[in-house]
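Q:
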Amino acid sequence: MKKITILAITLFFKMTAFTQTVIPLYEKVPNVKGTATNLEKIPVKGEVSDVTIPTLTVFKAEHSNALKTAILILPGGGYAHLAMEKEGYDVAKAYNKLGITAFVLKYRMPLSQEFDNSKFVPLQDAEQAIYLIRKNASQYNIDPNNVGIIGFSAGGHLASTLLVHADTSLISNTEKINLYPNWSLLGYPVISMSLEYGHTGSRKNLIGNEAPQSDIDYFSNQLHITPTTPPSFLFLASDDKTVNPINSILYYEGLLKNKVKAEMHIYQNGGHGFGLNNKTTKESWLDASVDWLQQNKYIP
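The sequence shown runs -19 to -1, 1 to 281 under mature numbering (1 follows the signal peptide of the UniProt record, and there is no 0).
1) Counting pairs of beta carbons, one from the segment 213 to 223 and one from the segment 245 to 255, are three or more of them closer than 8 Å?
2) Would Ser134 be called buried (16 or more neighbouring beta carbons within 10 Å of its own) or exposed?
3) Please name the residue, chosen from Ile123, Lys100, His138 and Ile197, that lies closest to Gly57 on a Cα-to-Cα basis.
4) Output the residue ranges of the beta strand (DSSP E) runs that lie fully inside the segment 112 to 147 and measure 3 residues or longer, sorted by chain position.
5) Given this structure, state the Cα-to-Cα distance separating Ser183 from Lys278, to the nearest angstrom.
6) Which ranges does the alpha helix (DSSP H) cover as unbroken runs of at least 4 residues, wholly within the segment 24 to 107, from first to last along the chain?
7) Could you work out which residue in Ala147, Gly69 and Leu274 is closest to Tyr199 when comparing CA atoms only?
8) How close, in whole Å, do the beta carbons of Gly256 and Lys67 come, if the pair is a contact with beta carbons under 8 Å?
9) With a cut-off of 8 Å, do at least 3 Cβ pairs link the segment 37 to 53 to the segment 231 to 247?
10) Taking DSSP as the reference, what is the three-state secondary structure of Leu6?
11) Around the C-beta of Val32, are 16 or more other C-beta atoms found within 10 angstroms, so that it is buried, or is it exposed?
12) Any chance the segment 65 to 84 sits against the segment 101 to 108, with 3 or more Cβ pairs inside 8 Å?
Structure follows, in structure tokens:
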């Protein structure tokens, strides 16, 4: 009986260690042509596509660390789908173990047939997520001045777009809450929309193949870094054949030129989309990110 009780308690804690709550991002989804319709599909297990109703999944840390750190997580998928498990929920659970409350954003896809000014819809959702996190900081037991962001692939593009364009508010923000993250982690990110280095699929889905140069420049985020851009930790692989590694290098170079704190880890192998685990190396980017977060006093 004692063994059964211990087993039951163990299972209980395993089941409750990562408590999560899904909340709608808006009371009424903005920029909709007509009525918001849920077009969401699950092309493969762990992914969603055609997202039209955005949500925020909260992974509240059971015991917040002393600095009450929070992180917003943006999965990738070329602005066509989202790798919710591999680049979302799994990452949230990993940072939960460090006492970090994590928020996974299921952001809308820029579907021009569904939304007005669709190229700004993902950024609008990212801004709204930061707004809600900071507005409800006391509820989540987090410090509103220690909210970071992590984005993978196209999610890294969205994260970096927020990092350089959050002053262009696309949401209702009467409280004038700061929409810039305090720090960032970028995993094999899309950064540029240029024909030379940009990711073809992300560019096509976000701004279209015939986008004017003004749109290409606006969403080429390395062009908009300033001395006040939040610090960044970047990680990627040299043999990434999906997103040119030059994307990360351009962003890192921009941070250096503007004297913004930055660190970049480029692994020889790993390809694209390795999530938490680059199986080609014994080194862990997650562990390296923890060192960087500690060094900069974002976590104790």
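Beta carbons: idealized from backbone N, C-alpha and C, even for Gly.
Since the model is a prediction, treat every value here as computed from it, not as a measurement.
A: According to the structure data:
1) Yes, since at least three Cβ pairs between the segment 213 to 223 and the segment 245 to 255 fall closer than 8 Å, the two stretches touch.
2) Buried, by the Cβ-count rule.
3) Comparing Cα positions, the closest option is His138.
4) The DSSP assignment places 128 to 133 as complete runs of the beta strand (DSSP E) inside the segment 112 to 147, in order along the chain (cut-off: 3 residues).
5) Looking at the two C-alpha atoms, the distance is approximately 34 Å.
6) The qualifying runs are 71 to 77.
7) Here the closest residue by C-alpha is Ala147.
8) Yes, Gly256 and Lys67 are in contact; Cβ-Cβ is about 4 Å, under 8 Å.
9) Counting C-beta pairs with one atom in each stretch, the segment 37 to 53 and the segment 231 to 247 have fewer than three that are closer than 8 Å, which means they do not touch.
10) When secondary structure is reduced to three states using DSSP, Leu6 falls in the coil class, being assigned neither helix nor strand.
11) So Val32 ends up on the buried side.
12) No, they do not touch.
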